[in-house]
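Data first, discussion second: the structure below is written as structure tokens.
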Amino acid sequence: MTRVSSLVLLAGYLAIGSTIRAQTADVAEFPMPPGSGCFPAGITTGPDGNVWFTCAADLAGSSGQDVGRITPDGVITLFATPTSRSGPDLIAAGPDGNVWFTELSVDRIARITPAGVITEFPIPPATFDLNRPIGITAGPDGAIWFTELIGNKIGRLIPDGGIVTEFSVPTLGSRPWVITAGPDGALWFTEARGNNIGRITIDGRISEFPIQTANARPGGIITGPDGALWFTETEGNKVGRITTEGIITESLIPTPGSGLGSIVAEFDGVLWFTEWIGNRIGRITTDGVITEFPGPFRESVGPSLTVGADGALWFANGQAIGRLAIATDRLTISPIRRSRPVRAVGR
């Protein structure tokens, strides 16, 4: 059943002009179907207006082979991938009306239609072990772009036919992680071990920009409302900003060791991010002002976050999906119909 809890956001006092307003909210949480073993990992908003997510394997060793869909009123359906133990990871809306995701454990890129039909496309084999595709996004050229964590490459897949082209990242062992379309017609990505922000043009030319903080472990990245790219630093405990010319600035998170994850841009001109160790959701303005919102959440806030078609923040939350609605000067929650999750298909 849906759980809705009221919370007072202890850090959420925001100055608006000369007025101080307390920000309060309710969090709606939608648990996974019993026995599914699904721990939501990647999450995105689909072209169909639903929120889609991937299921990571749980600590008990479940297969990690499901992709889920949750409607705005909280009905969950899970779809099994054709390849068992495929390890679905990050997920993104495609340019073709479908949703695309990486299969980390079997070196495939997969597509799921709004009806739940899954097609898998293999990427070129690795010389040793696996390439481990992880980050994924739709490019400005109509292709699907992805990162190869171990293969140390950026891949490009043509949706019609599944033809894959790969481009090697100059820094060896850089661990390219999350990728997003930039405002300049290029793709931008984080290098978790290379400690760089990378840029690749649609014809495959790569530039790298070093982060000032050593061992920052950059993670999520997104185009901000100001025309710059914004990224999180998992170990640096900062949110970074890089212009399309490559100039980087960083903002320190108030909570030490917060474990930053995903970052998204929102309609009101700010950005939101997850703190999966600090168990908070954070907000940063384009001039670097940070506000953190602690729980109580049912379980630890996961690393992934998306803005839904309803304007709410949807996020991974242990074995549940959480929803937090947004207003201009406070956080609130719209009424949500209580509904029992539906276990689904393809097994």
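Residue numbers for the sequence shown follow my numbering, so the first one is 19 and each next one is one higher.
We put the CB at the ideal spot given by N, CA and C, even for glycine.
*Taking the runs of the beta strand (DSSP E) that are 3 residues or longer, which of them lie wholly in the region 138–220?*
151–156, 162–166, 171–175, 182–186, 194–199, 205–209, 214–218
*Just reading off the beta strand (DSSP E) that Glu263 is part of, what are its end residues?*
Note, Glu263: premise wrong, no beta strand (DSSP E); not H, not E.
*Top-ranked residue by Cα proximity to Pro194, from Asp202, Gly203, Gly216*: Gly216
*asked:* Less than 8 angstroms between the C-beta atoms of Arg129 and Ile141, yes or no?
replied: no
*Can Thr62 and Ile109 be called in contact, C-beta distance under 8 angstroms?*
yes
*Measure the C-alpha to C-alpha separation of Glu293 and Gly300 and round it to an integer number of angstroms.*
7 angstroms
_Cutoff 6 angstroms; reference Gly254; Cβ partners in own chain excluding five residues on either side_ = Thr231, Ala234
*Is Cys56 helix, strand or coil when you go by DSSP?*
coil
*Would you kindly report the start and end of the unbroken beta strand (DSSP E) that includes Leu108?*
106–111
*When the Cα atoms are used, what is the spatial distance from Asp159 to Thr165?*
17 angstroms
*What does Ser269 pair with, by DSSP beta-bridge criteria?*
Val257
_Helix, strand or coil, according to DSSP, for Glu284 in the structure here?_
coil
_Straight-line Cα distance separating Ser269 from Pro51_ = 39 angstroms
_Using C-beta distances below 6 angstroms, list every residue in its chain close to Gly67, excluding the 5 sequence neighbours before and after it, in chain order._
Ala327
_Rounding to the nearest angstrom, what Cα-Cα distance links Leu342 and Trp332 in this structure?_
6 angstroms
_Along the chain, where does the beta strand (DSSP E) containing Thr241 start, and where does it finish?_
236–241
*Which residues DSSP lists as bridging Gly300, in chain order*: Phe291, Glu310
*Contact check, Gly277 vs Thr252 under 8 angstroms by CB: the rounded distance?*
6 angstroms
_Three-state class that DSSP yields for Ser225 in the structure shown_ = strand
*Is Gly115 near Pro177, with beta carbons less than 8 angstroms apart?*
no
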